[in-house]
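Only one structure is covered here, and it is reproduced in the block below.
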Ligand SMILES: [Zn+2]
Ligand SMILES: [Zn+2]
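In my numbering, the protein residues as written are 1 to 207.
Quick look at the structure:
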């Protein structure tokens, strides 16, 4: 039955990563509030979206985890089972790393890429306590932390380079339905405009 258990172990490993991705990001990264090394690295990425933890640190952690979990897994289910499970876990972890980087550096090319970017940038720029999954919304649904924004507000200073039209400096036409760039003072200006409109309405109602 190896033809069944080995692929099942691989898929199980990938599923396990999907949960780890959510758990690390939410409970260790954000709720850790900078009190553990992963949280400090993650909050640095939030402060500067161009910052990503150096690859050598990620390779080091992945190697330690592999060395720790492979022997007990091989002991419990045999070496091929253990290797398949760890391979599934590592493959989807690498997939996550590539996707996360591309979300920041490249524009979306299809419905999944469009969803992944809106989901992640809403987390980055509006609600850091929501949307902790990066590759999928599964665990955000399970733990009630999913929100699907209509439009994502992006601070001009932190805007991804692919988002902006180089000519106008505003959101490029293909992404205008999904994003709006907010500049410093915009909030104050719109508050003042609202106030002015209200006063004008009151004046016109009283005459
Ligand atoms: Zn990010
Ligand atoms: Zn985060």
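We put the CB at the ideal spot given by N, CA and C, even for glycine.
Judged by DSSP in its simplified three-state form, residue 122 adopts helix. Excluding five sequence positions before and after residue 25, the CB atoms of its chain that fall closer than 6 Å to its own CB belong to 132, given in chain order.
In this structure the region 78-92 does not touch the region 107-127; the number of beta carbon pairs closer than 8 Å is below three.
Comparing C-alpha distances from residue 182 to each of 134, 152 and 14 shows the shortest one belongs to 152. Under the DSSP definition of a beta bridge, residue 179 partners with 152.
The beta-carbon separation of residue 62 and residue 96, rounded to 12 Å, does not stay under the 8 Å limit for a contact. Going by beta carbons, residue 130 and residue 150 fall outside the 7 Å limit. In the three-state DSSP reduction, residue 11 falls in the helix class (H, G or I). When secondary structure is reduced to three states using DSSP, residue 164 falls in the strand class.
Residue 14 sits away from residue 81, with the two beta carbons spaced by 7 Å or more.
Residue pairing from DSSP leaves residue 64 without any beta-bridge partner. Under the DSSP assignment, residue 49 falls outside any alpha helix (DSSP H); it carries neither an H nor an E label. The three-state secondary structure of residue 98, taken from DSSP, is helix. Residue 171 carries a strand assignment under DSSP once its states are collapsed to helix, strand and coil. In the structure shown, residue 24 falls within a helical segment according to DSSP collapsed to helix, strand and coil.
One Cα belongs to residue 65, the other to residue 172, and the distance between them is close to 42 Å.
Rounded to whole angstroms, the separation of the alpha carbons of residue 69 and residue 167 is 52 Å. Ordered by chain, the residues meeting the criterion of a beta-carbon within less than 7 Å of a non-hydrogen atom of ligand 1 are 45, 49, 100, 103, 104, 120 and 124. At the C-beta level, residue 154 and residue 179 come within 7 Å of one another.
Secondary structure at residue 195: helix, using DSSP grouped into helix, strand and coil.
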